[in-house]
Amino acid sequence: MKIATWNVNSLRVRLQQVMDWLGTHQPDVLCLQETKLQDDIFPIDVMTQAGYQPIFTGQKTYNGVALLGKNNGTDIHTALPGFDDPQKRLIAATYGDLRVICVYVPNGEHVGSEKYTYKLEWLTKLSAFLQQEQKRYRNIAVLGDFNIAPADRDVYDPQAWQGKILCSEAERQAFQQLLETGFVDSFHLFEQPEKVYTWWDYRMMAFRRNRGLRIDHILLSHEIAASCIAWQVDKEFRKLERPSDHAPVWVELTSTM
DNA sequence: ATGGCAACTCCAAGTTGA
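Residue numbers 1 to 257, in full-length UniProt numbering, belong to the letters of the first sequence in order.
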């Protein structure tokens with residue numbers, strides 16, 4: 001079983017790339033972030049014709065998340081409970097015995113800004129939601145754009161980024177708090193080379209120079225972490241014309257659906 | 001110290017992202 005996450009930075013612009021990626025990789029579930037589409041113009045037919053059932057919650061211009069599954073998802077959540085938030089940043093569904101939670105964590109703008117406060121509050125609410133979900137499900141995967149580089153090794157220039165947005169101590173503590181609710185960062189289940197990233201700035205030829213950050217993550221509950229046999233970031237689609245600034249990330253699980 | 005790129009939007013200059 002293969003589950004994946006990709007911040008596509010506009011599904012309208014990246015639709016063909018997404019369909020190509022689905023065709024090539026055949027994931028059981030693909031989580032998308034930054035679809036930037038209202039629900040009434042989501043390309044449902046294109047997805048279903050390719051054998052994927054979409055579940056989505058979107059808005060104009062910003063945010064927007066979706067789940068594309070080979071099977072139908074059930075027990076769908078499209079928001080964090082107890083958090084009145086117009087920004088569409090979370091969608092969850094159950095596929096077989098696996099709970100899949102797709103997140104687009106706020107960027108935070110810069111440390112100390114209103115958006116930074118919102119980011120930390122959002123992460124606190126996410127942590128509470130995950131604790132609730134842990135009571136209902138054993139096998140949980142949380143995938144998405146977390147907008148946090150968990151450690152210095154996840155940053156191309158840790159000194160330049162020290163204490164900055166995506167790398168601040170409070171953000172990293174919030175990420176650790178998520179893990180402490182009962183998850184592992186699947187990246188660390190395997191021996192990894194240095195300089196593995198999932199996002200590269202469009203500017204300054206950052207991708208060609210591998211000046212990136214690892215901010216897209218797949219967290220697995222302990223029960224399924226044991227069945228994870230691969231973690232990959234697919235840099236091929238970052239090399240195409242008009243790429244997303246994020247690359248797809250996926251894991252392979254041995255458990256069946 | 002700033003902008004650098006890309007996508008979005010009452011179509012065009014400002015906002016947002018990371």
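Virtual Cβ for every residue (Gly too), placed ideally from N, Cα, C.
Next item on the list: Report the option in G144, E241, L166, V249 whose CA atom is closest to the CA atom of V13.
Entry: Working through the first sequence from its first residue, we reach residue 13 at position 13. For the residues G144, E241, L166, V249, the minimum Cα distance to V13 belongs to E241.
Notebook entry, point to check: Can you give, in chain order, each stretch of the beta strand (DSSP E) that sits fully within the stretch 186-223 and has at least 3 residues?
Noted result: 216-221
Notebook entry, point to check: Where do the N-terminal and C-terminal ends of the beta strand (DSSP E) with K2 fall, by residue?
Noted result: Within the first sequence, the letter at position 2 stands for residue 2. 2-7 is the extent of the beta strand (DSSP E) around K2.
Note to self: By alpha-carbon positions, which one of T198, D157, L126 ends up nearest to Q176?
What the structure shows: The residue you call residue 176 lines up with position 176 of the first sequence. When each option's Cα is compared against that of Q176, the closest is L126.
Next item on the list: Taking all protein chains shown into account, decide if Q17 is buried (16 or more other Cβ within 10 angstroms of its Cβ) or exposed.
Entry: Start at 1 with the first residue of the first sequence, and residue 17 comes out as number 17. Answer is buried; the Cβ neighbour count reaches 16.
Next item on the list: Flag this pair as yes or no: are the beta carbons of T181 and V233 separated by less than 8 Å?
Entry: Locating residue 181 in the first sequence gives position 181, counting from the first residue. Locating residue 233 in the first sequence gives position 233, counting from the first residue. No, these two residues do not count as a Cβ contact at 8 Å.
Note to self: Just to check my reading of the structure: V184 and L220 have Cβ atoms closer than 8 Å, yes? What is that Cβ distance to the nearest angstrom?
What the structure shows: In the first sequence, counting from the first residue as 1, residue 184 sits at position 184. In the first sequence, counting from the first residue as 1, residue 220 sits at position 220. The pair is a contact, with the Cβ atoms about 6 Å apart (cut-off 8 Å).
Notebook entry, point to check: Of all the beta strand (DSSP E) runs that stay within the bounds of the stretch 61-100, which reach a length of 3 or more residues?
Noted result: 65-69, 74-77, 90-95
Notebook entry, point to check: What's the C-alpha gap between G96 and R136?
Noted result: The count along the first sequence starts at 1 and reaches residue 96 at position 96. The count along the first sequence starts at 1 and reaches residue 136 at position 136. Cα to Cα, the separation comes out at about 14 Å.
Note to self: Helix, strand or coil, according to DSSP, for Q177 in the structure here?
What the structure shows: Indexing the first sequence from 1 puts residue 177 at position 177. Helix.
Notebook entry, point to check: What do you reckon, are the CB atoms on I215 and D157 nearer than 8 Å?
Noted result: Start at 1 with the first residue of the first sequence, and residue 215 comes out as number 215. Start at 1 with the first residue of the first sequence, and residue 157 comes out as number 157. No.
Margin query: Checking 8 Å against the spacing of the C-beta atoms, do A230 and E252 come in under that value?
Written below: Along the first sequence, read from residue 1 onward, the residue named residue 230 stands at position 230. Along the first sequence, read from residue 1 onward, the residue named residue 252 stands at position 252. Closer than 8 Å, so yes.
Note to self: For I44, report the span of its alpha helix (DSSP H) as first-last.
What the structure shows: Taking the first sequence and counting its residues from 1, one reaches residue 44 at position 44. Counting along the chain, the alpha helix (DSSP H) containing I44 begins and ends at 44-49.
Checklist line | Test item: CB-CB of L67 and C31 under 8 Å | finding: Position 67 of the first sequence, counting from 1, holds the residue named residue 67. Position 31 of the first sequence, counting from 1, holds the residue named residue 31. Going by C-beta atoms, L67 is nearer than 8 Å to C31.
Margin query: I need the DSSP call for D157, collapsed to helix, strand or coil.
Written below: Walking along the first sequence from the start, residue 157 turns up at place 157. Reduced to three states, the DSSP call for D157 is coil.
Check: Given L15, which residues of its chain have a CB within under 8 Å of its CB, disregarding the five upstream and five downstream residues?
Finding: Along the first sequence, read from residue 1 onward, the residue named residue 15 stands at position 15. Result list for L15: P43, V46, in chain order.
Note to self: Rounded to whole angstroms, what is the Cα-Cα separation between I165 and I41?
What the structure shows: Stepping through the first sequence from its first residue, residue 165 is reached at position 165. Stepping through the first sequence from its first residue, residue 41 is reached at position 41. I165 and I41: Cα-Cα distance of roughly 33 Å.
Notebook entry, point to check: Among M204, E191, A50, which residue has its Cα nearest to the Cα of residue 265?
Noted result: Given that the chain is displayed from residue 1 to residue 257, the structure contains no residue 265 and the question cannot be resolved.
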